[in-house]
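Engineer: Attaching a single structure in structure tokens format; questions to follow.
Number of protein chains: 2
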Amino acid sequence: MARIPLMPITDSMFLIGESREHPMHVGGLQLYTLPDGAGPDYLSQLYHSLVGAEETVQQLFRKRPRRPVGSLGQWSWSTDNQLDMEYHVRFSALPRPGRVRELLELVSRLHGSLLDRHRPLWEFSLIEGLEGNRFATYSKVHHALMDGVSSIILANRALSTDSTTMGMPPVWAVPPIEKAERNGQGGPLALLESLRGMTTDIAGVLPAVVKGAQTALREQASVLPFQAPRTIFNVQITGARRFAAQKWSLDRIKAVRKATGATLNDVVLAMCAGALRRYLLELDALPDRPLISMVPVSLRGKQKRSEASGNSVGAILVNLGTHLADPVERFTQITESAQVAKRSLAELSPLQILALSGLTMAPLAFAPIPGFVNLTPPPFNLIISNVPGAQKPLFWNGAELQGMYPLSIPYDGQALNITITSYAGALNFGLTGCRRNVPHLQRLLTHLEDSLAELEKAVG
Amino acid sequence: MARIPLMPITDSMFLIGESREHPMHVGGLQLYTLPDGAGPDYLSQLYHSLVGAEETVQQLFRKRPRRPVGSLGQWSWSTDNQLDMEYHVRFSALPRPGRVRELLELVSRLHGSLLDRHRPLWEFSLIEGLEGNRFATYSKVHHALMDGVSSIILANRALSTDSTTMGMPPVWAVPPIEKAERNGQGGPLALLESLRGMTTDIAGVLPAVVKGAQTALREQASVLPFQAPRTIFNVQITGARRFAAQKWSLDRIKAVRKATGATLNDVVLAMCAGALRRYLLELDALPDRPLISMVPVSLRGKQKRSEASGNSVGAILVNLGTHLADPVERFTQITESAQVAKRSLAELSPLQILALSGLTMAPLAFAPIPGFVNLTPPPFNLIISNVPGAQKPLFWNGAELQGMYPLSIPYDGQALNITITSYAGALNFGLTGCRRNVPHLQRLLTHLEDSLAELEKAVG
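Residue numbers (this note's numbering), protein chains in the order written: chain A, 4 to 463; chain B, 4 to 463.
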């Protein structure tokens, strides 16, 4: 048994925590403008060039999980020498009229199905038929292979700021990030790195990890004036997904920040809070008490960095003030709550953060702990993450990236996740929900717009 | 506990036998010609009318499985009062050039993903973008809800022989088959009926059932001159699927039958045998010994009908003569083998047949019996089923049905399934395989054509 290299716990926990109700992959939706002079066969040719280049696939995308005899059911990684490129790389199309609506419907479906564990844990879809001279890509990577932040970093690395660069490889052919560069990318990756060495029986460890993380958050919650109420988001989930995505100009959000003296993240949280209030009101499901959001924050450069844990990411609980009808009162509630929370910041161990997914934006299921959802009131109602992205326009073989939207992992008790990434002067919102428990998710997009407009009006 | 109506064993066995490697649903692919005068929005409008008519959904398609508290983990059916039509009914499209090749790729993917157990166990996709002024539909129904034969019968019932009939309901709005009519449809459905009452713990019963069915087949096999060899089809399978489909004129097959005096089914088996030989030769995987096929046969009107079991369907093992290069020798081998097998026909109990799926065309997994594949040489190499369909051209709101292709269920030890259904002067072949273990499945279509041409030449 000693000779079988087991999978690090940070990988295997996502295989063990997975079930048909809880697919454990992150996704990315990218929209591109077709390059000048692209003919009707442009995408078909692109597809064939992608499928044909098996030899360029990096080792990371050749890894497949297996449970070798003698490992007592524990997972290990092996290399797939029979890579079936047509399985991993798919050519899809949208039905007419090919609006973003049809795109989101397709991507919702793609995000709701399990990856095949007999193969390397990724899929990529090239999508044609999007109106407005555009096309899209959807990629899906198992969390055991890569967390959400890493997948955003990798997606950015695969692109170029030069619109004339051709012959660019697809994302699975991009050389891996060197360790030095990883550290340069900051805490999250360095932190993951520190966990790579752990190999132990996650089934035994996980309840304690989650419990510890919750205790830390509860300590923080105890200084908040409110406890998180039960909402329609804090229930057991099913396997199907809804995804909604839209971008908002960074200038609009910065204008609100400037007028209020708040942080950019406060404005984003206020946008979400107003939208959630409208959404829940419409469903007649707004609780009397305000919703509490868990928000991952970077600790780099902050005084609270604990050398002992190597921890440079924290989590704060923010009172979203969803019980307040007045947008200014709500905004004040949010900024004050965020300030208080930062003072009593929950410092979590790397594994705790991974388990609660403040770091990874893709939460580990509480599911492995039977009855968890029913027995314990949630310490927070949803996770809202803001992941920095590229600021300059990016291109893929001359096709300009218009938007990049993260798809995350709902789990039991957390049926909705909001992840935002910045790109080229815009904030790109990706909303991933359990299809059963988060109805009409698209309406949240309208509510986000209305909520921002309301803030602009209130502070203008 | 007595008050909870449990699911009949004939339903629940397919839920219990299901895993991510073994989805337990049957599928149907239908190709239609667009009706005269159909505008560019024809399919979009059709889609919206399908999605909008929730109230027409029959009770069968509202059933969802659940495991009530107090049932000790046993399954029961409940009614879904929150039917999400947009989840069940999907509008998809093919990428350019929209050939049958692109259609089969899409359908292969759709057939490889699990149905959501939190909802009624069916999906339907309307597919646009098929070249040649056509469109397609793919439907997917869990075997716990409906077996393959019933799904073909229902699909036929949903259509009309009149090209001018409009306002026709979709398949899920077709009233259920009356019991009298079911019996009129013959043995298979009456047989299923006789099993409906059984509610017992399948986990305890299944190994004995499968063992009994195998013993019966082995007794038959013992009179065959050959034992089934191991082939690439008789291995553990993965969750992804390949599907290939094509139709052949019944006139061509009848001409061979006439020239040889064999049965229609003999000619179909000979076509398959020649194709399998070519396919396996190409992969350098042809065994020295001939492949053995399990073939369901109807016993109605035959002397062997056993009143005790109510059994009117049997299974025969046919030596496919794949070791013989000469098509005439191979054909002779097949017809002789089929005649011998019919004399020592394996009479199986209803449950045994369901377990081996001679009846249902969708085999129950041997998977629940750990180690089965490795410990026991297979009694046969693949199942080849021929299910009678409609003989006259059928229409759906004026759109003519061009072909109807069944998608079946591969399982551990049976990585390839061939199911054929007749329609309007053609035999429609549906080949469903495990994507990992049955590579280049499309080539079998070419080989089927070559095999038929070879037979025509040999007997012409």
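The beta-carbon is built from N, C-alpha and C at its ideal position, and this holds for glycine as well. Computed from a predicted structure; not experimentally measured.
Identify which residue in A:Val54, A:Ser81 and A:Arg438 has its Cα closest to the Cα of A:Met10.
Structural biologist: Start at 1 with the first residue of the first sequence, and residue 10 of chain A comes out as number 7. The shortest Cα separation from A:Met10 among A:Val54, A:Ser81 and A:Arg438 belongs to A:Ser81.
Engineer: Nearest to B:Ile386 by CA position, among B:Leu448, B:Asn400, B:Glu457 and B:Met297, is which residue?
Structural biologist: By one-based count along the second sequence, residue 386 of chain B stands at place 383. For B:Ile386, the nearest C-alpha among the options comes from B:Met297.
Engineer: Consult DSSP for A:Trp175 and reduce its assignment to one of helix, strand or coil.
Structural biologist: As a working mapping, residue 175 of chain A is identified with position 172 in the first sequence. Looking at A:Trp175 - three-state DSSP - the assignment turns out to be helix.
Engineer: Quick one, which residues of the segment 79-110 of chain A are near chain B if we go by CB-CB under 9 Å, in chain order?
Structural biologist: Cβ contacts with chain B: Gln85, Asp87, Glu89, Tyr90, Arg93, Phe94, Ser95, Ala96, Leu97, Pro98, Arg99, Pro100, Gly101, Glu105, Glu108 and Leu109.
Engineer: Quick check on A:Met407: buried or exposed, where buried means 16 or more other Cβ atoms within 10 Å of its Cβ?
Structural biologist: Working through the first sequence from its first residue, we reach residue 407 of chain A at position 404. A:Met407 is buried by the Cβ-count criterion.
Engineer: Excluding five sequence neighbours on each side, which residues of the same chain lie with their C-beta closer than 8 Å to the C-beta of B:Met169?
Structural biologist: As a position in the second sequence, residue 169 of chain B is number 166, starting the count at 1. Closer than 8 Å at the Cβ level, and outside the excluded window around B:Met169, lie Asn400 and Gly401.
Engineer: In the DSSP assignment, the alpha helix (DSSP H) including B:Ser154 goes from what residue to what residue?
Structural biologist: If you number the second sequence from 1, residue 154 of chain B lands on position 151. Unbroken alpha helix (DSSP H) run through B:Ser154: Gly151 to Arg160.
Engineer: Hey, B:Tyr282 and B:Phe138 are a contact pair by Cβ (cut 8 Å); roughly how many whole angstroms apart?
Structural biologist: Locating residue 282 of chain B in the second sequence gives position 279, counting from the first residue. Locating residue 138 of chain B in the second sequence gives position 135, counting from the first residue. In fact, because the Cβ distance is near 30 Å, the residues do not count as touching under 8 Å.
Engineer: Would you check if there are 3 or more beta carbon pairs closer than 8 Å linking the segment 227-245 of chain B to the segment 413-420 of chain B?
Structural biologist: As far as the Cβ criterion goes, the segment 227-245 of chain B touches the segment 413-420 of chain B, which means the pair count is three or higher.
Engineer: Quick check on B:Arg260 - is its C-beta less than 9 Å from some C-beta in chain A?
Structural biologist: Walking along the second sequence from the start, residue 260 of chain B turns up at place 257. Cβ-Cβ to chain A under 9 Å: no for B:Arg260.
Engineer: Round the Cβ separation of B:Leu129 and B:Phe94 to the nearest angstrom and send it over; I've been treating them as touching at under 8 Å.
Structural biologist: Start at 1 with the first residue of the second sequence, and residue 129 of chain B comes out as number 126. Start at 1 with the first residue of the second sequence, and residue 94 of chain B comes out as number 91. Yes, B:Leu129 and B:Phe94 are in contact; Cβ-Cβ is about 5 Å, under 8 Å.
Engineer: Quick one: what does DSSP say A:Asn322 is sitting in, helix, strand or coil?
Structural biologist: Here residue 322 of chain A refers to the residue found at position 319 when the first sequence is read from its first residue. In the structure shown, A:Asn322 sits in a strand (DSSP, three-state: E or B).
Engineer: Output yes if chain A places a C-beta closer than 9 Å to the C-beta of B:Ala243; else output no.
Structural biologist: The residue you call residue 243 of chain B lines up with position 240 of the second sequence. For B:Ala243, the answer is yes, since a Cβ of chain A falls inside 9 Å of its Cβ.
Engineer: Does B:Ala69 come within less than 9 Å of chain A when only Cβ atoms are used?
Structural biologist: Position 66 of the second sequence, counted from the start, is the residue given in the question as residue 69 of chain B. For the sequence presented, residue 69 of chain B should be read as Arg rather than Ala. Cβ-Cβ to chain A under 9 Å: no for B:Arg69.
Engineer: Here's the rule I'm using: 16 or more other beta-carbon atoms within 10 Å means buried, otherwise exposed. How should A:Thr59 be labelled?
Structural biologist: On the first sequence, residue 59 of chain A is found 56 positions in, with the first residue counted as 1. It counts as exposed.
Engineer: Going along the chain, which residues of the segment 111-123 of chain B sit with their C-beta nearer than 9 Å to a C-beta in chain A?
Structural biologist: From the segment 111-123 of chain B, only Arg112, Gly115, Ser116, Leu117, Asp119, Arg120, His121 and Arg122 have a Cβ closer than 9 Å to chain A.
Engineer: What residues in the segment 434-459 of chain B bring their beta carbon closer than 7 Å to a beta carbon of chain A?
Structural biologist: Answer set for the segment 434-459 of chain B: Arg438 and Arg439.
Engineer: Report the neighbours of B:Thr131 on chain A: residues whose CB is nearer than 8 Å to its CB, in chain order.
Structural biologist: For this step, residue 131 of chain B is matched to residue 128 along the second sequence. Reading off the sequence, residue 131 of chain B comes out as Glu, not Thr. In chain order: Pro98 and Arg99.
Engineer: Which stretch, first to last residue, makes up the alpha helix (DSSP H) that contains B:Leu46?
Structural biologist: Within the second sequence, residue 46 of chain B is the residue found at index 43, counting from 1. Element bounds for B:Leu46: Tyr45 to Gly55.
Engineer: Compare the C-beta of A:Asp287 against all C-beta atoms of chain B and say whether one is closer than 9 Å.
Structural biologist: For the purposes of this step, residue 287 of chain A is identified with residue 284 of the first sequence, where counting begins at 1. Closer than 9 Å: no.
Engineer: Hey, would you say A:Ala341 sits closer than 9 Å to A:Ile319, going by beta carbons?
Structural biologist: To locate residue 341 of chain A, count along the first sequence from 1; it is residue 338. To locate residue 319 of chain A, count along the first sequence from 1; it is residue 316. Contact flag set, yes.
Engineer: Taking 6 Å as the limit between beta carbons, can you name the residues of its chain near B:Ala265, skipping five residues before and five after?
Structural biologist: What you label residue 265 of chain B is simply residue 262 of the second sequence in a count that begins at 1. So the list reads Thr338, once near-sequence residues are dropped.
Engineer: With a threshold of 7 Å on Cβ separation, who are the neighbours of B:Ala247 within its own chain once the five nearest residues in sequence on each side are excluded?
Structural biologist: Within the second sequence, numbered from 1, the residue matching residue 247 of chain B stands at position 244. If we look at B:Ala247 and ignore the five residues flanking it on each side, its Cβ neighbours are Leu107, Leu434, Leu444, Gln445, Leu447 and Leu448.
Engineer: Using three-state DSSP, classify B:Met10 as helix, strand or coil.
Structural biologist: Counting from one through the second sequence, the residue named residue 10 of chain B turns up at place 7. B:Met10 falls in the coil class under three-state DSSP.
Engineer: Can you check whether the CB of B:Leu109 is closer than 9 Å to the CB of B:Tyr3?
Structural biologist: With chain B covering only 4 through 463, there is no way to say anything about residue 3 of chain B.
Engineer: If you compare alpha carbons, which of A:His28, A:Pro8 and A:Cys275 is closest to A:Tyr79?
Structural biologist: What you label residue 79 of chain A is simply residue 76 of the first sequence in a count that begins at 1. The identity of residue 79 of chain A in the sequence shown is Ser, whereas the question assumes Tyr. If we check each option's Cα against that of A:Ser79, A:Pro8 comes out closest.
Engineer: Applying a beta-carbon distance threshold of less than 9 Å, which residues of chain A neighbour B:Ser47?
Structural biologist: Residue numbering aside, residue 47 of chain B sits at position 44 when the second sequence is read from its first letter. Correct list: Pro98, Arg99 and Pro100.
Engineer: Would DSSP call A:Pro330 helix, strand or coil?
Structural biologist: The residue given as residue 330 of chain A occupies position 327 in the first sequence. Helix at A:Pro330.
Engineer: Would you tell me roughly how many angstroms separate the C-alpha atoms of A:Arg70 and A:Asp39, rounded to the nearest one?
Structural biologist: Locating residue 70 of chain A in the first sequence gives position 67, counting from the first residue. Locating residue 39 of chain A in the first sequence gives position 36, counting from the first residue. Between A:Arg70 and A:Asp39, the C-alpha separation is close to 49 Å.
Engineer: Under DSSP, the beta strand (DSSP E) around B:Leu124 begins and ends at which residues?
Structural biologist: Position 121 of the second sequence, counted from the first residue, corresponds to residue 124 of chain B. Careful: B:Leu124 lies outside any beta strand (DSSP E) and carries neither H nor E.
Engineer: Going by C-alpha to C-alpha distance, which of A:Phe383, A:Ala231, A:Pro382 and A:Gly463 sits closest to A:Pro330?
Structural biologist: Position 327 of the first sequence, counting from 1, holds the residue named residue 330 of chain A. Ranking A:Phe383, A:Ala231, A:Pro382 and A:Gly463 by Cα distance to A:Pro330 puts A:Gly463 first.
Engineer: Looking only at DSSP bridge pairs, what is A:Pro409 linked to?
Structural biologist: On the first sequence, position 406 is the one that residue 409 of chain A refers to. DSSP, once it has assigned bridges, lists A:Gly31 as partnering A:Pro409.
Engineer: So what does DSSP say about A:Gly200, is it helix, strand or coil?
Structural biologist: Here the question's residue 200 of chain A lines up with position 197 in the first sequence. Confidence at A:Gly200 is low in this model, with a pLDDT of 43, below 50, so its placement is unreliable and the value that follows should be read with caution. Coil.
Engineer: For A:Leu455, count neighbouring C-beta atoms within 10 Å of its own C-beta (all shown protein chains included) and say buried if the count is 16 or more, exposed if not.
Structural biologist: Working through the first sequence from its first residue, we reach residue 455 of chain A at position 452. By the 10 Å Cβ count, A:Leu455 comes out buried.
Engineer: According to DSSP, is B:Glu89 part of a helix, a strand, or is it coil?
Structural biologist: Along the second sequence, read from residue 1 onward, the residue named residue 89 of chain B stands at position 86. Here B:Glu89 sits in helix by DSSP.
Engineer: According to a CB-to-CB cut-off of less than 8 Å, which residues of the segment 32-62 of chain A neighbour chain B?
Structural biologist: Result list: Pro43, Asp44, Leu46, Ser47 and Tyr50.
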